[in-house]
Structure formats: structure tokens, C-alpha cells
Amino acid sequence: MPHFSKGTHTFEQIETNKHYRLTGWVNMPTTWNDAVKQYEPRTQEQIDAQRQIYELMKKHNAGIQISVQERMDGLEPKDFPVKQRITMYVNNYENYQSASAPAQDFKAPAAPPAPPAPPSPAGPIIDDNDDMGW
């Protein structure tokens, strides 16, 4: 049985020829406040619990495996075809320079090569490969 799930989800405006960034958070339920049209702030106990979950996952180098399955009438959920598997890794916020998650095994369709950019009047732009993703 999965530890986390969502019964139904419809992807909207997803283009298969683009790369996307996935993010996740440990959430605690809070009450909606109609007067101010937002959720109530988290309690200190909730914040502490979220931090403990994060620290425990980080300590054990845990990740969350996400399986995207197509719902199909007449099939049991265990038999729904898997369309994508994604693993999300715990970020290391103590050293945010290395906080990007490990590379995924995502196979995107090859994009056509971009035309070369005209030279900048201020000189070339230097890419220092700091692809942190956020």
C-alpha cells in the first residue's frame, strides 16, 4: 500500500517537449479562514513536526517515489497502467549551494537546436553551471 496518494488528478497545460521542475513539501492541515480568505498560520507544534519529518528523511537519505497511473474504468487501482515514475529527493538546506536534487532519469524529447544568439555589447555571458533549480 502506498504511503502517500491522491485518488484523481488531471494534468493541465503540460507540454511533453519541455522540462519541468518538481517541488514538494511536508504539509500539515490548517483551517481555512473565510474572513481573511486564507488558511490559518501553522502552529509551532506543526512547524516542529514538519522539521522533524524533514530531518528524519534527510538523515536516512530518503526520497519519495511518485507513480503517475492512468485511471481506467473496470480496472482495480493496482492494475492501472503506470505512465511515469518520479523520485523526489530531500534537499539540503544547510548548504543551499548544493541544494539541487540529484539528476532524474527523465527522458525528454530532443529539442531542436537554438539559433546562436547575437554577441552582447557588454561581452559574453558566463554560465557558471550553478544549476540549483530554484
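Under our numbering, residues 8 to 141 are what the sequence shown spells out, in order.
The C-beta atom is built at its ideal place from N, Cα and C for all residues, glycine as well.
Quiz item: Touching or not, the segment 56-64 and the segment 81-95, by the rule of three or more beta carbon pairs under 8 Å?
Solution: no
Quiz prompt | Identity of the residues DSSP links to tryptophan 39 by a beta bridge | solution = As a position in the sequence shown, residue 39 is number 32, starting the count at 1. According to DSSP, tryptophan 39 bridges with Tyr46.
Exercise. Tell me whether lysine 66 sits in a helix, a strand or coil according to DSSP, three-state version.
Key: Residue mapping note: residue 66 aligns to position 59 of the sequence shown, counting from 1. Three-state result, lysine 66: helix.
Quiz item: Buried or exposed: which applies to asparagine 98, given that a residue is buried once 16 or more other Cβ atoms fall within 10 Å of its Cβ?
Solution: As a working note, residue 98 is residue 91 in the sequence shown. Asparagine 98 is buried by the Cβ-count criterion.
Quiz item: DSSP state of lysine 90, grouped into three classes?
Solution: The residue given as residue 90 occupies position 83 in the sequence shown. DSSP places lysine 90 in strand when its eight states are reduced to three.
Quiz item: Once you ignore the five residues that flank glutamine 72 on each side, which residues in its own chain have a CB closer than 6 Å to its CB?
Solution: Position 65 of the sequence shown, counted from the first residue, corresponds to residue 72. Thr94, listed in sequence order.
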